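A.B. asks: Protein sequence lines, in the order shown, are assigned to chains A and B.
With this note's numbering as the guide, the letters of the first sequence map in order to residues 1488 to 1606.
With this note's numbering as the guide, the letters of the second sequence map in order to residues -17 to 461.
For each residue, glycine too, the CB sits at the ideal point set by N, CA and C.
Owing to the predicted nature of the structure, the values given are computational and were not obtained by experimental measurement.
One structure, as structure tokens, below. Some questions next.
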Amino acid sequence: MMKKILIVDDDRAILEALAVAIEDAGYKVATEASGDGVVEKVKDFSPDLILLDFLLPGANGIEVARCLKRERATKDIPVILISAHLGTGKAAKELGVDDFMAKPFDIEKLLAKIGKYLQ
Amino acid sequence: MDEALRESEQRFRAIFNDAAIGITLADMQGHPLEVNAAFQKMVGYSRGKLRKMFFTDFTHPEDITLDLAEYEQMKKGQLDSFSLEKRYIRKDGQGIWVHITVSLVRGPKREPKFTVGVIRDITEHKRIDEELKLYSKAVEEAPDGVQIADLSGRIIYSNKAVEEIYGFSPQEYYGKDINEMNADPEFARKVIFPALRREGHWSGEIMVKHKDGKVFPIWLKTAMVKDQKGKPLAMVGIIRDITERKILEERKDEFIGIASHELKTPITSAKIFTQILQKLLRQKEEKQALGYMTRIDDQLDKLTQLINDLLDVSRIQAGKLELRPQVFSLAKLIRETARDIQAGSGSHKILIRGKVKKRVHADKNRIGQVLINLLSNAIAYSPSSRRVAVKVEPNAQMVTIHVKDYGVGIAKEHQEKIFERFYRVGDEKTQPSSGLGIGLYVANEIIKLHEGKLWVKSEKGKGATFSFSLPFGKRKRVK
């Protein structure tokens, strides 16, 4: 079965670009632009991995991640934080996400990372 | 009897004549009868001339009436002496300040007979006095805070600006321990006072307390006041409230943070689309188009690097550049970085000599950034050469990396300054590429944060060698 990836970012162009590249790599993709909608979306779509932007309107990426990691049903879904703030890099683990990718990134590197979690 | 009288007379005449102070004897009309040498010298008129004059003749016109009332009283025998300060005009036209004491000499029937004047030239005193008044007024009104403390740290002077800055009145200040104003008294005890004793001065930003309890930042420039022999007398501090400046700086840093985030967002999507296109073109074997696409991708990376450099400068200035140390193999990092740079360059070969087995405890990304900077500079500034040499030299405590190019070199006058922020070598002929002039500044700051050193050896036209030392760090491990 096709693995499912939820992409959360408030920038439409990034959402679109990521969706194309990740679908092309053989995944099923859903997108979400606001922090508040993520939990609902995760319930409906039940993704195998989440790409989460750091700064989101509504609840920010960190709050969203914390929320997901608290729930029994969603706590095992790998979350990769994608952020243009370099400083959030080291703290990925402390922030309660599984991994971190600084924007802008090489899509191949991101796909490799995704692959690592979805083996 | 006659002999004794003559001797006494002589003695008094000697006192009168040789006294260092002006002495006059005048009739009750203000007519000098006797004047001593000191007085003649003071006003510049000879004894003969003075005898034909009145005191009013060489008194400053504005001061003639100053002692009129006293003089009239004295004439009537109602006053025995008075003194005052007034101005004389010397024979040469120069004005002088004098202090005069006039005493009445009475006749046998107690009738006023003569006046004796004792006159001191106080021009120099007056000048010094005026000067001191001006200095103290200037310090009092100075737009920056000025504070003086004795050697035990008790405040003995605060000007108006200090009052405005801290909210205390100078009276409330007087005698207070200067450290009571500091939000962090330990810092003053451990850093400022020792520096003052050792070097005689200290300056920097500190946090202080307002009368209302609010803590705010000031810029303090302080120095030891010493006497001519170098013995410390007091401490003086110049104080400037930098609350506003700090807010502006924070706002600027925040702005740079937001701006770089905003700039990176479109780069992120552009880069993804570029890479999607690259993949498509590779599948269709459109080699030329693929080449162009790769160029766009490289340029996007450069743009990202510029934004990150700007962010770094802003962080360094705000003192917020933090290291994230980890244990890693420096040898491997050098190899990988050299390989990446060489692949991107195409023109130069990077040769690595020397080995370091011991792993370092440092910020891998930041050290990588320094290597990238030095290697790409080496290539950019040696356009007609084909190689760059890297030498690795470890010792017990640290490892030193030398990056040598065979290019245009750096003139002596630029060598110190190239590590300064925004400094660019302003020589069009040898300036092959543009840049913000922050790469080496950031590299130097990164190495300094690692307690290492970055330096350059070069001669114009003969290439340059940039070297940096990097201590192995706390967690030493032998691989």
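Between the Cα of B:Leu259 and the Cα atoms of B:Lys196, B:Gly350 and B:Leu272, which residue gives the shortest distance?
C.D. replies: Here residue 259 of chain B refers to the residue found at position 277 when the second sequence is read from its first residue. Closest by alpha carbon: B:Leu272.
A.B. asks: Taking only beta-carbon atoms, is B:Thr319 less than 9 Å away from chain A?
C.D. replies: Translated into the one-based positions of the second sequence, residue 319 of chain B becomes position 337. Closer than 9 Å: no.
A.B. asks: Sort B:Glu93, B:Glu(-15), B:Glu113 and B:Ser63 by Cα distance to B:Val100 and report the nearest one.
C.D. replies: Working through the second sequence from its first residue, we reach residue 100 of chain B at position 118. The option with the nearest alpha carbon to B:Val100 is B:Ser63.
A.B. asks: Using beta carbons (cut-off 9 Å, strictly below), is B:Leu282 in contact with chain A?
C.D. replies: Within the second sequence, the letter at position 300 stands for residue 282 of chain B. Yes, B:Leu282 counts as interfacial toward chain A.
A.B. asks: What residues in its chain sit with their C-beta under 6 Å from that of B:Lys228, if we drop five residues either side in the sequence?
C.D. replies: The count along the second sequence starts at 1 and reaches residue 228 of chain B at position 246. Same-chain partners within the cutoff: Pro199.
A.B. asks: Along chain B, which residues have their Cβ under 7 Å away from the Cβ of A:Leu1505?
C.D. replies: For this step, residue 1505 of chain A is matched to residue 18 along the first sequence. Those are Ile254, listed as they occur along chain B.
A.B. asks: Do B:Val309 and B:Arg341 have their CB atoms nearer than 9 Å?
C.D. replies: On the second sequence, position 327 is the one that residue 309 of chain B refers to. On the second sequence, position 359 is the one that residue 341 of chain B refers to. Yes, these two residues count as a Cβ contact at 9 Å.
A.B. asks: By Cβ distance below 7 Å, which residues in the same chain neighbour B:Asp155 in space, the five residues on each side in sequence not counted?
C.D. replies: The count along the second sequence starts at 1 and reaches residue 155 of chain B at position 173. This sequence places Tyr at residue 155 of chain B; Asp is not what is there. Excluding sequence neighbours, B:Tyr155 sits near Ile137 and Ser140.
A.B. asks: Alpha helix (DSSP H) containing B:Pro365: first to last residue?
C.D. replies: To locate residue 365 of chain B, count along the second sequence from 1; it is residue 383. B:Pro365 -> no alpha helix (DSSP H), and no H or E assigned at all.
A.B. asks: Could one say the Cβ of B:Ser251 lies closer than 9 Å to chain A's Cβ atoms, at least one of them?
C.D. replies: In the second sequence, the residue the question calls residue 251 of chain B occupies position 269. Yes - at least one Cβ of chain A is within 9 Å of the one on B:Ser251.
A.B. asks: Determine the chain A residues that contact B:Lys246 at a beta-carbon separation under 7 Å, and present them in chain order.
C.D. replies: Taking the first residue of the second sequence as 1, we reach residue 246 of chain B at position 264. Ala1571, Lys1590 and Pro1591, listed in chain order.
A.B. asks: I need the straight-line Cα distance from A:Phe1587 to A:Ile1501, nearest angstrom please.
C.D. replies: The residue labelled residue 1587 of chain A in the question sits at position 100 within the first sequence. The residue labelled residue 1501 of chain A in the question sits at position 14 within the first sequence. If I take the Cα positions, the gap works out to 16 Å.
A.B. asks: By DSSP's criteria, B:Lys68 is part of a beta bridge. Which residues make up the other side?
C.D. replies: In the second sequence, residue 68 of chain B corresponds to position 86, counting from 1. B:Val80.
A.B. asks: Quick one: measure Cβ to Cβ for B:Lys373 and B:His384, integer angstroms, because I've assumed they're closer than 8 Å.
C.D. replies: As a first step, residue 373 of chain B is located in the second sequence; it is residue number 391 there, counting from the start. As a first step, residue 384 of chain B is located in the second sequence; it is residue number 402 there, counting from the start. Right, the Cβ-Cβ distance comes to about 4 Å (below 8 Å), so this counts as a contact.
A.B. asks: Short of 8 Å in beta carbon distance, which residues of its chain neighbour B:Arg88, apart from the five on each side in sequence? Order them along the chain.
C.D. replies: In the second sequence, residue 88 of chain B corresponds to position 106, counting from 1. Counting only Cβ-Cβ distances below 8 Å, and skipping sequence neighbours, we find Gly59, Pro94 and Lys95.
A.B. asks: Excluding five sequence neighbours on each side, which residues of the same chain lie with their C-beta closer than 8 Å to the C-beta of B:Leu282?
C.D. replies: Translated into the one-based positions of the second sequence, residue 282 of chain B becomes position 300. Closer than 8 Å at Cβ, skipping near neighbours: Ile249, Ala252, Lys253 and Thr256.
A.B. asks: Please report whether the beta-carbon of A:Asp1586 lies at a distance below 9 Å from any beta-carbon of chain B.
C.D. replies: The sequence position of residue 1586 of chain A within the first sequence is 99, counting from 1. Not one chain B Cβ lies under 9 Å of A:Asp1586.
A.B. asks: Using only alpha-carbon positions, find the residue among A:Gly1513, A:Ser1521 and A:Leu1582 that is nearest to A:Ile1494.
C.D. replies: Counting from 1 along the first sequence, the entry for residue 1494 of chain A is found at position 7. Among A:Gly1513, A:Ser1521 and A:Leu1582, the Cα nearest to that of A:Ile1494 belongs to A:Ser1521.
A.B. asks: Residues of chain B with a CB under 9 Å from the CB of A:Asp1523: which are they?
C.D. replies: Walking along the first sequence from the start, residue 1523 of chain A turns up at place 36. Those within 9 Å of A:Asp1523 in chain B number zero; the least Cβ separation is about 20 Å.
A.B. asks: The region 285 to 297 of chain B: which residues have C-beta closer than 8 Å to a C-beta of chain A, in chain order?
C.D. replies: Those residues of the region 285 to 297 of chain B that come within reach of chain A (Cβ to Cβ, closer than 8 Å) are Thr286, Asn290 and Leu293.
A.B. asks: Which partner residues of B:Pro14 appear in the DSSP bridge assignment?
C.D. replies: Here residue 14 of chain B refers to the residue found at position 32 of the second sequence. Partner(s): B:Ala8.
A.B. asks: For A:Leu1542, decide whether its Cβ has a neighbour in chain B, counting only Cβ atoms nearer than 9 Å.
C.D. replies: Taking the first residue of the first sequence as position 1, residue 1542 of chain A is located at position 55. With 9 Å as the cut-off, A:Leu1542 counts as an interface residue toward chain B.
A.B. asks: Please state if the CB of A:Ile1549 and the CB of A:Val1584 are separated by a distance shorter than 9 Å.
C.D. replies: Here residue 1584 of chain A is taken as the residue at index 97 of the first sequence, counted from 1. Here residue 1549 of chain A is taken as the residue at index 62 of the first sequence, counted from 1. It is a contact, given that the beta carbons lie within the stated cut-off.
A.B. asks: Near B:Ile224, what residues of its chain come up, given a Cβ to Cβ distance below 8 Å and the 5 sequence neighbours on each side ignored?
C.D. replies: As a working mapping, residue 224 of chain B is identified with position 242 in the second sequence. So the qualifying residues of the chain are Glu187, Pro199, Ile200 and Trp201.
A.B. asks: Using 9 Å as the limit for Cβ to Cβ distance, is A:Ile1492 near chain B?
C.D. replies: As a first step, residue 1492 of chain A must be located in the first sequence, where it is residue number 5. No, A:Ile1492 does not count as interfacial toward chain B.
A.B. asks: Shorter than 9 Å from the beta carbon of A:Asp1517 to some beta carbon of chain B?
C.D. replies: For the purposes of this step, residue 1517 of chain A is taken as residue 30 along the first sequence, with counting starting at 1. Before going further, note that residue 1517 of chain A is Ala rather than Asp in the sequence given. Judged by the 9 Å Cβ criterion, A:Ala1517 is not in contact with chain B.
A.B. asks: Could you list which residues in chain B have their beta carbon closer than 8 Å to that of A:Ala1508, in chain order?
C.D. replies: Counting from one through the first sequence, the residue named residue 1508 of chain A turns up at place 21. By Cβ distance, chain B contributes Ile254, Gln257 and Ile258.
A.B. asks: At 7 Å on the CB atoms, spell out the chain B contacts of A:Ala1520, in chain order.
C.D. replies: As a first step, residue 1520 of chain A is located in the first sequence; it is residue number 33 there, counting from the start. Under the 7 Å cutoff, chain B gives no residues; its nearest Cβ is about 13 Å from A:Ala1520.
A.B. asks: Smallest Cα separation from B:Lys73: which of B:Ser366, B:Val25, B:His183 and B:Ser85?
C.D. replies: As a first step, residue 73 of chain B is located in the second sequence; it is residue number 91 there, counting from the start. For B:Lys73, the nearest C-alpha among the options comes from B:Val25.
A.B. asks: On a Cα-Cα basis, can you pick out the residue from B:Glu226, B:Pro453, B:Lys444 and B:Ala446 that is closest to B:Lys435?
C.D. replies: By one-based count along the second sequence, residue 435 of chain B stands at place 453. It is B:Pro453.
A.B. asks: Ends of the alpha helix (DSSP H) at A:Pro1565?
C.D. replies: Taking the first residue of the first sequence as position 1, residue 1565 of chain A is located at position 78. It is not in any alpha helix (DSSP H) - A:Pro1565 carries neither H nor E in the DSSP assignment.
A.B. asks: Just reading off the alpha helix (DSSP H) that B:Val173 is part of, what are its end residues?
C.D. replies: Stepping through the second sequence from its first residue, residue 173 of chain B is reached at position 191. From DSSP, B:Val173 is part of no alpha helix (DSSP H); its letter is neither H nor E.
A.B. asks: Are the C-beta of B:His243 and some C-beta of chain A separated by less than 9 Å?
C.D. replies: Counting from 1 along the second sequence, the entry for residue 243 of chain B is found at position 261. Chain A contact via Cβ: present.
A.B. asks: Alpha carbon to alpha carbon, how far is B:Tyr70 from B:Lys91?
C.D. replies: Counting from one through the second sequence, the residue named residue 70 of chain B turns up at place 88. Counting from one through the second sequence, the residue named residue 91 of chain B turns up at place 109. Taking the straight line from one Cα to the other gives about 34 Å.
A.B. asks: Residues of chain B with a CB under 8 Å from the CB of A:Ile1594: which are they?
C.D. replies: On the first sequence, position 107 is the one that residue 1594 of chain A refers to. The contacting residues are Lys253, Ile254, Gln257 and Ile258.
A.B. asks: Under the DSSP definition of a beta bridge, which residues are partnered with A:Val1464?
C.D. replies: Given that chain A is displayed from residue 1488 to residue 1606, the structure contains no residue 1464 of chain A and the question cannot be resolved.
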